[in-house]
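Everything on this sheet refers to the single structure shown next.
Residue numbers (the working numbering): 816 to 1251.
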């Protein structure tokens, strides 16, 4: 820590050994903040229920950093009892579960939406806020930083802000009441009102609000947030320095991460099926690689298109293994959620796809923020969800380039999306709200 560094308390539920994408927003900020005059102090959960674990994330924690941990009680055991799951099973995305059509599963989601507000980590709010208020009186910091979801993080900072008047930066990697799964929570009118009231508290009391895309910035401002800044997800150059993987010999179209019913690329599967029926060589070379938590409707749709022999399902991979496989793949598939707020959806994997420098095939609106970024750096192709003809043209063009061994590796400048440069942008916001 530099002697002139200011301190920022980062309140985050996700922290190593958490795996998955959610942990990387705060972790990468913490890794690089010292370069820009800020010393991060972390507050996280002592006994969290993470969907996946990845020990490799520990390497990004800065040496000598202060990490505070408070106990949390989470109701996932109750959800497991209701839905008949085993105690040792981990809960991933409840909207991807195969049992979602059962009464027990619906009951679990109803309880999640109407009882556990703002989310299932709500019981972490009061004890952590009380602990931090006492801690901060003896160990002052210059600013609070929270990231959500879970929006429990914001509610902890709200209580501290009211008590100690410390500047507060609230960051959203996903929206709150505007998030795509919000309507699926089966909220009653009172619960919906409480969610909106809590969200408005963040807008009113936070000194700075940021979100991860331009479209979602406008969405937040439309419901009362003021002067919202944008910090997109990014990639860490350090994660890619030692990767040197040979390309797959197959025409591999790969997707990494969860795929639910709202990201079931039915038109793409139809295109791949039709070309396979017309072209035996294409059928033999095609490999559809899906790694992570794949919803059963996606698998069934692929199988119904006679692509079972082309489908390769992989479990959740470690981060390092995922990045290696990205480098091996011929085409990286990015499917956006086919939901009303899709234009602002910038998945974290987009920037890691960009950093792996393999061609991207985006399924989603061509005026979406993700499509605009891909086009701006010539990183691949973008096709609307149901545009059969364009998808067919794109797939055939990619395949012909693959056959002729000219399927490009993108060489355009992408440094604006590095975690280090994005952390510099965060540091500038922190400087602004603490300059007085």
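C-beta atoms are modelled at their ideal positions from N, C-alpha and C, and glycine is treated no differently. Computed from a prediction, not measured in an experiment: that's the story for all the values here.
Consult DSSP for residue 881 and reduce its assignment to one of helix, strand or coil. For this step, residue 881 is matched to residue 66 along the chain shown. Note: residue 881 maps to strand in three-state DSSP.
Tell whether a beta-carbon distance below 9 Å holds between residue 959 and residue 977. As a working note, residue 959 is residue 144 in the chain shown. As a working note, residue 977 is residue 162 in the chain shown. No; because the gap between Cβ atoms is not below 9 Å, this pair is not in contact.
Among the residues of its own chain, which have a CB less than 6 Å from the CB of residue 1249, if the five just before and after it don't count? Walking along the chain shown from the start, residue 1249 turns up at place 434. The residues 957, 958, 982, in chain order, have a CB closer than 6 Å to that of residue 1249 in the same chain once the five nearest residues on each side in sequence are set aside.
Expected contact under 8 Å - CB spacing of residue 1029 and residue 1017 to nearest Å: Position 214 of the chain shown holds residue 1029. Position 202 of the chain shown holds residue 1017. 20 Å between Cβ atoms; not a contact.
Contacts around residue 1104, its chain only, beta-carbon distance under 6 Å, and the 5 residues preceding and following it disregarded: In the chain shown, the residue the question calls residue 1104 occupies position 289. Result list for residue 1104: 1067, 1069, 1127, in chain order.
What is the residue span of the beta strand (DSSP E) that residue 969 lies within? For the purposes of this step, residue 969 is taken as residue 154 along the chain shown, with counting starting at 1. Unbroken run through residue 969 is the alpha helix (DSSP H), 967-979; no beta strand (DSSP E).
State yes or no: is the beta carbon of residue 962 nearer than 9 Å to at least one beta carbon in chain B? Within the model displayed, chain B is absent; a lone protein chain is all it includes.
What runs of the beta strand (DSSP E), each 3 residues or longer, lie entirely inside the segment 933-968? Taken in chain order, the complete beta strand (DSSP E) segments of 3 residues or longer contained in the segment 933-968 are 958-963.
Helix, strand or coil for residue 1002? Go by DSSP, reduced to three states. Residue 1002 sits at position 187 when you count from the first residue of the chain shown. It is coil, neither helix nor strand.
Considering only their Cβ atoms, is the gap separating residue 1176 from residue 1203 smaller than 9 Å? On the chain shown, residue 1203 is found 388 positions in, with the first residue counted as 1. On the chain shown, residue 1176 is found 361 positions in, with the first residue counted as 1. Against a cut-off of 9 Å, the Cβ pair of residue 1176 and residue 1203 comes out as no contact.
According to the Cβ coordinates, are residue 1160 and residue 1151 closer than 9 Å? The count along the chain shown starts at 1 and reaches residue 1160 at position 345. The count along the chain shown starts at 1 and reaches residue 1151 at position 336. Cβ atoms of residue 1160 and residue 1151: closer than 9 Å.
Identity of the residue in 842, 865, 850, 823 nearest residue 833 by Cα: Translated into the one-based positions of the chain shown, residue 833 becomes position 18. With distances taken between Cα atoms, residue 833 lies closest to 865.
Would the beta-carbon of residue 1178 fall within 9 Å of that of residue 1087? Within the chain shown, residue 1178 is the residue found at index 363, counting from 1. Within the chain shown, residue 1087 is the residue found at index 272, counting from 1. No, the pair does not count as a contact, with Cβ atoms beyond the cut-off.
Is the distance from the Cβ of residue 1023 to the Cβ of residue 985 below 9 Å? Taking the first residue of the chain shown as position 1, residue 1023 is located at position 208. Taking the first residue of the chain shown as position 1, residue 985 is located at position 170. Result yes, Cβ atoms of residue 1023 and residue 985 sit closer than 9 Å.
Between which two residues does the alpha helix (DSSP H) containing residue 841 stretch? Indexing the chain shown from 1 puts residue 841 at position 26. Residues 839-847.
Whole alpha helix (DSSP H) runs in the segment 987-1057 with 4 or more residues, listed along the chain? 1004-1020, 1029-1037
For residue 1162 versus residue 1048, is the C-beta spacing smaller than 9 Å? Residue mapping note: residue 1162 aligns to position 347 of the chain shown, counting from 1. Residue mapping note: residue 1048 aligns to position 233 of the chain shown, counting from 1. Taking 9 Å as the Cβ cut-off, residue 1162 and residue 1048 qualify as a contacting pair.
Strand pairing of residue 1126, partner residues [DSSP]: Start at 1 with the first residue of the chain shown, and residue 1126 comes out as number 311. Its beta-bridge partners are 1103.
Residue 1197 lies in the beta strand (DSSP E); which residues open and close that run? Within the chain shown, numbered from 1, the residue matching residue 1197 stands at position 382. First-last of the beta strand (DSSP E) with residue 1197: 1195-1198.
Selection from 988, 935, 951 that minimises the alpha carbon distance to residue 961: Mapped onto the chain shown, residue 961 falls at position 146. Closest option to residue 961, judged by alpha-carbon separation, among 988, 935, 951: 988.
Check the C-beta distance from residue 1073 over to residue 1050 and give it rounded, since I have them as a contact under 8 Å. In the chain shown, the residue the question calls residue 1073 occupies position 258. In the chain shown, the residue the question calls residue 1050 occupies position 235. In fact, because the Cβ distance is near 19 Å, the residues do not count as touching under 8 Å.
Using the Cβ count rule (16 or more neighbours within 10 Å means buried), how would you classify residue 850? On the chain shown, residue 850 is found 35 positions in, with the first residue counted as 1. With fewer than 16 other Cβ atoms within 10 Å, it is exposed.
Alpha-carbon to alpha-carbon, residue 889 and residue 941: As a position in the chain shown, residue 941 is number 126, starting the count at 1. As a position in the chain shown, residue 889 is number 74, starting the count at 1. When rounded, the distance between both Cα atoms is 14 Å.
Sub-9 Å separation of residue 844 and residue 1165 beta-carbons: As a first step, residue 844 is located in the chain shown; it is residue number 29 there, counting from the start. As a first step, residue 1165 is located in the chain shown; it is residue number 350 there, counting from the start. Not a contact, by the Cβ cut-off of 9 Å.
Nonlocal neighbours in the same chain, by C-beta distance under 6 Å from residue 913, ignoring five residues either side: By 1-based counting over the chain shown, the position of residue 913 is 98. Caution is warranted here: a pLDDT of 47 is assigned to residue 913, below 50, making its placement in the model unreliable, and no coordinate value can be reported.
If we ignore side chains and look at the alpha-carbon of each, how far apart do residue 910 and residue 1000 end up? As a position in the chain shown, residue 910 is number 95, starting the count at 1. As a position in the chain shown, residue 1000 is number 185, starting the count at 1. Residue placement at residue 910 cannot be trusted, given a pLDDT of 48 that sits under 50; the coordinates are not used to answer.
Could you tell me which of 840, 831, 1201 sits nearest to residue 876, measuring between CA atoms? In the chain shown, the residue the question calls residue 876 occupies position 61. Among 840, 831, 1201, the Cα nearest to that of residue 876 is on 831.
Inter-residue spacing [alpha-carbon to alpha-carbon] between residue 1117 and residue 1215: Your numbering for residue 1117 matches position 302 in the chain shown. Your numbering for residue 1215 matches position 400 in the chain shown. Cα to Cα, residue 1117 sits roughly 23 Å from residue 1215.
Can you give me the Cβ contacts of residue 918 inside the same chain, cut-off strictly under 7 Å, excluding the 5 residues immediately before and after it? One-based indexing of the chain shown puts residue 918 at position 103. Here residue 918 has no same chain residue with a Cβ atom under 7 Å from its own Cβ, once five neighbours each way along the sequence are excluded.
Buried versus exposed, by CB contacts within 10 Å (16 or more), residue 1221: One-based indexing of the chain shown puts residue 1221 at position 406. When all chains shown are included, residue 1221 counts as exposed.
Three-state secondary structure assigned by DSSP to residue 1171: Residue numbering aside, residue 1171 sits at position 356 when the chain shown is read from its first letter. Residue state, collapsed to three classes: helix.
Which residues bound the alpha helix (DSSP H) around residue 1216? By one-based count along the chain shown, residue 1216 stands at place 401. Residues 1203-1218.
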